[in-house]
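J.:
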Amino acid sequence: HWLVMGLIFACGSLIYLAFSISLSLSYVAPAASLANQSDTKLGGALADAVSCNAVVKGFGAEVREDARLANIMTKWRHRTRRSWVRVTNIGSIQGVTLVALRVAVIGYALLLWSHGQATPGEIAYVLTSFIVLQGYLRDAGMHVRNVQRSVNDMEELVAIHNQQLDVADRP
-14 HWLVMGLIFA
-4 CGSLIYLAFS
6 ISLSLSYVAP
16 AASLANQSDT
26 KLGGALADAV
36 SCNAVVKGFG
46 AEVREDARLA
56 NIMTKWRHRT
66 RRSWVRVTNI
76 GSIQGVTLVA
86 LRVAVIGYAL
96 LLWSHGQATP
106 GEIAYVLTSF
116 IVLQGYLRDA
126 GMHVRNVQRS
136 VNDMEELVAI
146 HNQQLDVADR
156 P
């Protein structure tokens, strides 16, 4: 009966890690990449608007500039919110997966105890072992999210690094 308990621990852990990694790569990363692109575009647009304010006013293009900034900000707001919601959703899915694993482990331990196949000491051992495992799994999920966020943040830097220089050096 302890082999089954070990299988519950192992399968639950693998399911948790598979959810964390696959959802991070396929669900969160694309939205985060778009949000980062919009953030960069918004930063550039704001810098242009602030530094070219006199030129815009001088040529009477305030309405056009306001519309352009409003469009960029709307797109940024939408993409950033979508990215944030997806990160929140994956955190919730990870939490629900850990609760399901907890229910399976504790439920099976109590089933063994009710049939006289486990002592109270063994139940306490299962509970403390699960608390330790849950901490490791939560940390692993956090690390997956941090790596995904870091990779998304570095995408633009890698793209800039790989670009050819437009201004040639003097011969």
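Using the numbering used here, the letters of the sequence shown map in sequence onto residues -14 to 156. Backbone N, C-alpha and C define an ideal beta-carbon position, used for all residues, glycine too.
Below 8 Å on the Cβ atoms is my contact criterion, and I expect S9 with R123 to pass it. Report the Cβ-Cβ distance as a whole number of Å.
T.: Against the sequence shown, residue 9 aligns to sequence position 24. Against the sequence shown, residue 123 aligns to sequence position 138. Not confirmed; about 15 Å, so no contact.
J.: In chain order, which continuous runs of the alpha helix (DSSP H) of length 4 or greater are located wholly inside the segment 13 to 84?
T.: You should have 14 to 36 and 38 to 43.
J.: Cα-Cα, which of M(-10), H(-14) and L2 is closest to T82?
T.: The residue labelled residue 82 in the question sits at position 97 within the sequence shown. Answer by Cα proximity: L2.
J.: Please classify W69: is it buried, with 16 or more other beta-carbons within 10 angstroms of its beta-carbon, or exposed?
T.: By one-based count along the sequence shown, residue 69 stands at place 84. Label assigned to W69: exposed.
J.: Beta-carbon within less than 6 Å of T59's beta-carbon, same chain only, minus the 5 sequence neighbours each way: which residues are those?
T.: Locating residue 59 in the sequence shown gives position 74, where the first residue counts as 1. Excluding positions up to five away in sequence, the list is empty.
J.: When burial is assigned at 16 or more other CB atoms within 10 Å of the CB, is M(-10) buried or exposed?
T.: Locating residue -10 in the sequence shown gives position 5, counting from the first residue. Answer is buried; the Cβ neighbour count reaches 16.
J.: Starting from L(-12) and walking both ways along the alpha helix (DSSP H), at which residues does that stretch end?
T.: The residue given as residue -12 occupies position 3 in the sequence shown. That run of the alpha helix (DSSP H) goes W(-13) to L8.
J.: Does the beta-carbon of G92 have 16 or more other beta-carbons within 10 angstroms, so that it is buried, or is it exposed?
T.: To locate residue 92, count along the sequence shown from 1; it is residue 107. Exposed is the call here.
J.: Just to confirm my understanding: we take R53, look at its own chain, exclude 5 residues before and 5 after, and list those with CB closer than 8 Å. What are they?
T.: The residue you call residue 53 lines up with position 68 of the sequence shown. Result list for R53: A30, in chain order.
J.: Considering only residues of the segment 73 to 150, which uninterrupted alpha helix (DSSP H) runs meet the minimum length of 4 residues and lie entirely inside it, listed in chain order?
T.: Within the segment 73 to 150, the complete alpha helix (DSSP H) runs of at least 4 residues are 105 to 146.
J.: Suppose the cutoff is 7 Å on Cβ atoms and the five residues either side in sequence are ignored; what does the same chain contact list for T25 look like?
T.: Position 40 of the sequence shown holds residue 25. Excluding sequence neighbours, T25 sits near E141.
J.: If you count every other CB in all the chains shown that lies within 10 Å of the CB of N21, and 16 or more means buried, which is it?
T.: The residue you call residue 21 lines up with position 36 of the sequence shown. Flag for N21 reads buried.
J.: Excluding the 5 residues preceding and the 5 following I0 in the sequence, name in chain order all residues of the same chain whose CB lies nearer than 7 Å to its CB.
T.: Stepping through the sequence shown from its first residue, residue 0 is reached at position 15. The residues are T82.
J.: Please report the Cβ distance between R64 and S23, rounded to the nearest whole angstrom; I am assuming they are in contact, meaning their Cβ atoms lie under 8 Å.
T.: As a first step, residue 64 is located in the sequence shown; it is residue number 79 there, counting from the start. As a first step, residue 23 is located in the sequence shown; it is residue number 38 there, counting from the start. With a Cβ gap of about 5 Å, R64 and S23 count as contacting.
J.: Would you report the Cα separation of D154 and Q148, rounded to the nearest angstrom?
T.: One-based indexing of the sequence shown puts residue 154 at position 169. One-based indexing of the sequence shown puts residue 148 at position 163. Going by the C-alpha atoms only, they are around 16 Å apart.
J.: Which residue wins for smallest C-alpha separation from I(-7), given the options M139, V111 and V152?
T.: In the sequence shown, counting from the first residue as 1, residue -7 sits at position 8. The option with the nearest alpha carbon to I(-7) is V111.
J.: Is the Cβ-Cβ distance between V13 and I75 less than 8 Å?
T.: As a working mapping, residue 13 is identified with position 28 in the sequence shown. As a working mapping, residue 75 is identified with position 90 in the sequence shown. Yes, the Cβ-Cβ distance between V13 and I75 is below 8 Å.
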